[in-house]
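See structure below.
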Amino acid sequence: MNTYDLVTTSEAQLYLKLDTLPAGLDMLITNLSARIEAYTGRWFVARPVVDVLDSGGGDLLFLSRYPVQGTPVVTDLTTGLPVTGFLTYAGRGYLYLGGGWEAGRQRYKVEYTAGMCPDTPSVPADIRQACLEWVAARYNRIDPAITREQLGDYSYSADESDGMPANVRAALSLYVIPRGC
Numbered sequence: 018m019n020t021y022d023l024v025t026t027s028e029a030q031l032y033l034k035l036d037t038l039p040a041g042l043d044m045l046i047t048n049l050s051a052r053i054e055a056y057t058g059r060w061f062v063a064r065p066v067v068d069v070l071d072s073g074g075g076d077l078l079f080l081s082r083y084p085v086q087g088t089p090v091v092t093d094l095t096t097g098l099p100v101t102g103f104l105t106y107a108g109r110g111y112l113y114l115g116g117g118w119e120a121g122r123q124r125y126k127v128e129y130t131a132g133m134c135p136d137t138p139s140v141p142a143d144i145r146q147a148c149l150e151w152v153a154a155r156y157n158r159i160d161p162a163i164t165r166e167q168l169g170d171y172s173y174s175a176d177e178s179d180g181m182p183a184n185v186r187a188a189l190s191l192y193v194i195p196r197g198c
């Protein structure tokens with residue numbers, strides 16, 4: 018299991034009602050967890066980040082990831098000295114320094130932890146469920162190129178062009194960070 022997976026292999030094994038753990042299930046979980054994070058633009062399981070940021074001399078430094086867990090460690094790369102006295106706006110992903118940050122390209126190194134939850138069990142239940150449903154859809158599909166098949170009364174069709182089932186997309190829609198604007 019990858020540290021940042023949204024569900025565990027045991028949870029997926031139980032959800033799929035499998036007696037033994039099949040080869041490749043852990044890789045499928047890791048892949049789909051990463052795709053869910055890419056689709057939503059969020060990290061659900063917190064992890065370390067190191068940003069090297071430019072400053073135009075304003076009061077704010079914008080981090081690449083948020084929400085921020087704990088207090089970031091900031092180093093002024095020009096002087097090599099730590100920067101203190103700033104406020105962290107964890108949910109917005111920026112640091113405020115009264116009087117402003119000194120201007121400069123790649124001036125500040127910021128080390129911090131970012132993500133919604135401290136670990137996999139803390140990930141919201143609807144996200145975990147969506148991941149399990151996508152794992153089940155991928156695991157049970159024999160040929161991903163098949164979009165529609167019918168045999169007697171049984172029929173199957175896939176309406177997703179990118180491989181994400183519609184029910185999974187609907188569950189994740191509440192967590193998507195708007196891009197651009």
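Residue numbers (our numbering): 18 to 198.
The beta-carbon is built from N, C-alpha and C at its ideal position, and this holds for glycine as well.
Treat the numbers as computed from the prediction; the structure is a model and nothing was measured.
Next item on the list: Output the residue ranges of the alpha helix (DSSP H) runs that lie fully inside the stretch 98-174 and measure 4 residues or longer, sorted by chain position.
Entry: Secondary structure in the stretch 98-174: the alpha helix (DSSP H) runs of 4 residues or longer, each lying completely within the stretch, are 142-157 in chain order.
Margin query: Any contact between the stretch 142-151 and the stretch 181-193? By contact I mean 3 or more CB pairs, one from each, below 8 Å.
Written below: Contact between the stretch 142-151 and the stretch 181-193 is present, because at least three Cβ pairs lie under 8 Å.
Item checked: CYS198 burial status per 10 Å Cβ neighbour count (16 or more: buried) -> Position 181 of the sequence shown, counted from the first residue, corresponds to residue 198. Because the pLDDT at CYS198 is just 47, under 50, the model does not fix this residue reliably, and the value given afterwards should be weighed accordingly. Burial call: exposed.
Item checked: Between the CA atoms of THR47 and ARG109 - distance to the nearest angstrom -> Taking the sequence shown and counting its residues from 1, one reaches residue 109 at position 92. Taking the sequence shown and counting its residues from 1, one reaches residue 47 at position 30. Within the model, the alpha-carbon separation for ARG109 versus THR47 is close to 27 Å.
Notebook entry, point to check: Where LEU112 and ALA131 are concerned, what is the direct C-alpha to C-alpha distance, given to the nearest angstrom?
Noted result: Counted from its first residue, the sequence shown places residue 112 at position 95. Counted from its first residue, the sequence shown places residue 131 at position 114. Straight across, the Cα-Cα distance linking LEU112 with ALA131 is about 13 Å.
Margin query: Just to confirm the assignment: which complete alpha helix (DSSP H) runs, minimum length 4, are found wholly within the stretch 38-93?
Written below: You should have 42-57.
Item checked: Span of the alpha helix (DSSP H) around SER27 -> Here residue 27 is taken as the residue at index 10 of the sequence shown, counted from 1. Per DSSP, SER27 is one residue of the alpha helix (DSSP H) stretching across 26-32.
Next item on the list: Can you grab the Cα-Cα spacing for the pair TYR125 / GLY117, in whole Å?
Entry: The residue labelled residue 125 in the question sits at position 108 within the sequence shown. The residue labelled residue 117 in the question sits at position 100 within the sequence shown. Rounded to whole angstroms, TYR125 to GLY117 spans 13 Å at the Cα level.
Margin query: Measuring alpha carbon to alpha carbon, tell me which residue in GLY75, GLN123, ASP143, THR57 is nearest GLY97.
Written below: Looking up residue 97 in the sequence shown gives position 80. Per the Cα distances, GLN123.
Notebook entry, point to check: Anyone know if the C-beta pair for PRO84 and VAL91 falls short of 8 Å?
Noted result: Position 67 of the sequence shown, counted from the start, is the residue given in the question as residue 84. Position 74 of the sequence shown, counted from the start, is the residue given in the question as residue 91. For the pair PRO84 and VAL91, the CB atoms are not nearer than the 8 Å cut-off.
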